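Residue numbering for the sequence shown follows my numbering, beginning at 1 and increasing consecutively.
Quick reminder that beta carbons are idealized off the backbone N, C-alpha and C, glycines included.
Please read all numbers here as calculations on a predicted model, not as lab measurements.
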Amino acid sequence: MGKKHFKRETEILNQGSKVKGRRDKPEIPPIYMTTAFNVEDLDELMDIYEEKGYAYIRNRNPNRNALAELMSYLESAEESIIFSSGMAAISTSVMSIVERGDHILSSDTLYSETFDLFGKVLKKYGVSVSYVDFTNTEKVQQAVQSNTKILYAETISNPMMTVVDIEELANISHSNEAKLIIDNTFATPLVVRPLQWGADMSVHSLTKFANGHSDTVAGSLSASKEVIKNAYELQLILGSPLDPFSSWLCQRGLRTMDLRLEKQMNNAEKLAAALEEDPNVKQVHYPGLASHPQHKTAKKMFDGFGAMLSFEMPSDREGINAFLRELEVAHYAMTLGGYRTTLSHPVSSSHQSVPEVDRERMGITLGLMRVSVGTENPDDLVEDFQQALKVFE
Ligand SMILES: Cc1ncc(COP(=O)(O)O)c(C=O)c1O
């Protein structure tokens, strides 16, 4: 269009680089696999900065923004930001609040790498942490210090499935000018939206139920605009935003999260009930069971009880190996939240780095198995566990 033609090697770089066609309205957003966007001139760049448009990939990308928008809707949040992993979301969220001399009060049952973030990383920067049973709000209240800036817990904890009362924790946090951060990975925003119960930040490993297909790693933080502003500035510096393809995959996964989870939660309820009856199972931890110590709290806050459970088999290493080899429907895999049922052994995976005394305090025995329930036929699933558990007879 009146533009100059260049020599071959220059044209190879330019030809076909523009999307043509005025009817270009794709049903599904394309993947913007580009590190930068061309800018007309200095004035346009200023407009882009002002309108929060697109210039460079680490600052903003259309696929990442689209995913953030969907997460904000799901979490009933003003804004969200998307990270390259759940741990990136957790570390950035926490570090956007604390500084040297501050204190974090944390639940004593947590994902192991969150423990490592507190105990190994933040400690080096002069931030102290103490742990308390967050299901006992009196103890939490007593453990708050004058320099406590964060109260931190998982809605449903990994792997003991304890449930915290977000509303009560938010009251304690706010009367002490601290922020409440909730890791909502196990519950998902279908089950509970922590900000609606007073939490200040809801973080996720989107790698799990949100993506739901066990094929990408991602994380999110949902919060008020003010909270997001600080976390976003830190994310830019630490450099942990999610890439366009994973953002696209994750958004695709989220579109069907409600559908998957309805089935997964039904299956989890059936499996938990069957395991509770099984003579080779000592105890089942699932918030939907009347025997669960925080069943009432879960009923107050939750729509459904999630698709994660754990149960205790005999602490017999050979028996555990035989059980794992017998399973045909469920798969032994170091992840959770996918559409297939997977199980893991916390002592040798998620909580391997946690010292034995701490593991024992948390109730993580050698025989504890953690199950992420999938969308299989419930009878196939229950029978699979029942036949495999016979190895202990
Ligand atoms: C509860 C919880 N939070 C956070 C994470 C970390 O997520 P990611 O592996 O996406 O960094 C995990 C990982 O298993 C988890 O189970």
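Query, Result
"Look at the alpha carbon of GLU9 and the alpha carbon of SER17, and state the distance between them as a whole number of angstroms.", "14 Å"
"Pairs of beta-carbons, one from the region 301 to 309 and one from the region 377 to 386, closer than 8 Å: are there three or more?", "no"
"Taking only the alpha-carbon atoms, compute the straight-line gap between TYR339 and GLN264 and give it to the nearest angstrom.", "8 Å"
"Can you check which of these residues, ALA218, ILE228, LEU110, is closest to SER246 by C-alpha distance?", "ALA218"
"For GLY253, verify whether its CB is less than 7 Å away from any heavy atom of ligand 1.", "no"
"Given the structure, does GLY363 come close to ligand 1, in the sense that its CB is under 7 Å from one of the ligand's heavy atoms?", "no"
"My output table needs one value for GLY86: the three-state DSSP class, helix, strand or coil.", "helix"
"Taking the C-alpha atoms as reference points, what is the distance between GLU50 and ASP165?", "40 Å"
"Sorted by chain position, which residues of the same chain lie with C-beta nearer than 7 Å to MET1's C-beta, five sequence neighbours on each side aside?", "Reliability fails at MET1, whose pLDDT of 47 lies under 50, so the model's placement of it is uncertain and the value that follows must be treated cautiously. Cβ within range, chain order: n/a, list empty."
"Using the three-state DSSP reduction, which class does SER93 fall into: helix, strand or coil?", "helix"
"Considering only residues of the region 133 to 174, which uninterrupted alpha helix (DSSP H) runs meet the minimum length of 4 residues and lie entirely inside it, listed in chain order?", "137 to 143"
"Contact between the region 76 to 94 and the region 222 to 233 is defined here as three or more beta-carbon pairs at a separation below 8 Å; is this criterion met?", "yes"
"From which residue to which residue does the alpha helix (DSSP H) around LYS229 run?", "225 to 238"
"Is GLY86 near ligand 1 - that is, is its Cβ less than 7 Å away from at least one heavy atom of it?", "yes"
"Report the option in SER130, ASN65, GLU376 whose CA atom is closest to the CA atom of LEU261.", "GLU376"
"Decide if GLU360 is buried, meaning its Cβ has at least 16 other Cβ atoms within 10 Å, or exposed.", "exposed"
"Using a Cβ-Cβ cut-off of 8 Å (strictly less than) and excluding sequence neighbours within five positions of GLN15, which residues of its own chain qualify?", "none"
"Within a Cβ cutoff of 8 Å, which residues of the same chain sit near ARG60, ignoring the five residues on either side of it in sequence?", "LYS52, GLY53, TYR54"
"CB-CB under 6 Å to PHE392, same chain, minus the five flanking residues each way: which ones, in chain order?", "ASN280, PRO314, GLY319"
"For the region 94 to 114 against the region 351 to 367, do three or more pairs of beta-carbon atoms, one drawn from each stretch, fall closer than 8 Å, so that the two count as touching?", "yes"
"Quick check on the DSSP output: the alpha helix (DSSP H) that includes GLN387 runs from which residue to which?", "378 to 389"
"Just reading off the alpha helix (DSSP H) that HIS295 is part of, what are its end residues?", "295 to 301"
"For ligand 1, is there a heavy atom less than 7 Å away from the beta-carbon of ASP183?", "yes"
"Short of 6 Å in beta carbon distance, which residues of its chain neighbour SER85, apart from the five on each side in sequence? Order them along the chain.", "VAL217, GLY219"
"How many Å lie between LYS179 and ASP380 at the Cα?", "44 Å"
"Measuring from the CB of GLU154, is there a heavy atom of ligand 1 at a distance below 7 Å?", "yes"
"Considering THR341, what are the terminal residues of the alpha helix (DSSP H) in which it resides?", "Careful: THR341 lies outside any alpha helix (DSSP H) and carries neither H nor E."
"Check ALA36 in the structure and name its three-state DSSP category.", "strand"
"Assuming contact is defined by CB atoms lying nearer than 8 Å, are MET308 and MET161 in contact in what I supplied?", "yes"
"Does ligand 1 have even one heavy atom less than 7 Å from the beta-carbon of VAL94?", "no"
"Assign ALA68 to buried or exposed, taking buried as 16 or more other Cβ atoms, counted over all protein chains shown, within 10 Å of its Cβ.", "buried"
"Leaving aside the five residues before and after LYS208 along the sequence, list all residues of the same chain whose C-beta is less than 6 Å from its C-beta, in chain order.", "THR185, LEU336, GLY337"
"Tell me, to the nearest whole angstrom, how far the beta carbon of HIS103 is from that of ASN147; I am working on the premise that it is less than 8 Å.", "5 Å"
"Identify every residue that forms a DSSP beta bridge with GLY219.", "PHE83, SER205"
"Classify THR35 as buried or exposed, calling it buried when 16 or more other Cβ atoms lie within 10 Å of its own Cβ.", "exposed"
"Counting C-beta neighbours from all protein chains within 10 Å, is the total for PHE6 16 or more, i.e. buried, or is it exposed?", "exposed"
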